Amino acid sequence: RARGVVPAQPVEPTAFAVLHQGDQDVAEGVRGRVVRIVSGRSADGQSPTNWAVSYFNPALPQKLLEVQFDGLKMGRAYEPRGVLGGLFRATPQPLDRTRVLVDSDEITRIILRQPGVELLPGAMTELELTAGERGDPVWKAGLWTVRRRDAKQAVRVGEVILSAADGKVISSTLKPAVVK
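For the sequence shown, counting from 1, position 3 maps to 211 in the numbering used here; every step adds exactly one.
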C-alpha cells in the first residue's frame, strides 16, 4: 500500500446504496422503477444489511422482478409468485423516488429514539419502503427485541410508519412495555 493512501471505507448497505447498485445491475427497462424495498431483520441496534428490491417490469406476468441483495452484492433475481393476491389485484406502480428523501439508516435512528425503545435489550428493525394509503412513499418499520428472560427468543414490539419525504412518524403501534 502506498504511503498516505487510506483504503476506501466499505459503503453501508443502506436502502439508497442498494437502489443505486440495483439500477446498475438490472436491465435498462426496469431501472429506477422500484415498487418496494424490504430489509431483513437487522442486528442489535444496527441498520439492516440484507435487502430485496421489487422492480416494476411490464414484460413479466406478475409485473414484478424481485432482486435480493446481500450487502451491496446482487444475489438472486426472480419473478415472485402469488405476492399480489391473484388476478384481481391492481397493477403495481413504481414509487415516486423524487419523494423518497430519508434513507434507511436515518429511519433506523428515528425508530431507536422512540419513547421507551432505548430501554429495550437488543433492538432490531425490519424496514419496508412502499406506497402508503394515499400513494405517498412511506417507511414501515417493524421493531423487534429479545426477551429479557430468554435472549434467544425475539418478540415483536410493534410497527412505526414514517414519511419517506421527511421521516415524520405517521402512526405507531410500539409497545415497549410488553417485553418481559
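Where a beta carbon is used, it is the ideal one built from N, C-alpha and C, also for glycine. Just so it is clear, the structure is predicted and the values come from calculations on it, not from any experiment.
Per the C-alpha coordinates, the member of S312, P256 and F264 positioned closest to D278 is P256. DSSP places R364 in the uninterrupted beta strand (DSSP E) bounded by A362 to S371. For G375, the CB contacts under 7 Å within the same chain, skipping 5 residues up- and downstream, are V310, E314, I315 and I318 in chain order. Annotated three-state conformation of L320 is helix, per DSSP. Per DSSP, Q301 lies in no beta strand (DSSP E) segment and is marked neither H nor E. Secondary structure at D313: helix, using DSSP grouped into helix, strand and coil.
Between Y286 and Y263, the alpha-carbon positions lie close to 10 Å from each other.
Taken through DSSP and simplified to helix, strand or coil, D233 comes out as helix. Beyond the five residues adjoining it in sequence on each side, V238 comes within less than 8 Å, by CB distance, of Y263, F264, N265 and L273 in the same chain, given in chain order.
Under the three-state reduction of DSSP output, V308 falls in the coil class, being neither helix nor strand.
Taking a contact to require three or more Cβ pairs closer than 8 Å, the segment 322 to 333 and the segment 222 to 229 do not qualify as touching.
Beta bridge pairing from DSSP links A349 with L335 and V368. In the structure shown, V246 falls within a strand segment according to DSSP collapsed to helix, strand and coil. Taken through DSSP and simplified to helix, strand or coil, L272 comes out as strand.
DSSP places V325 within a helical segment (H, G or I) once states are collapsed to three.
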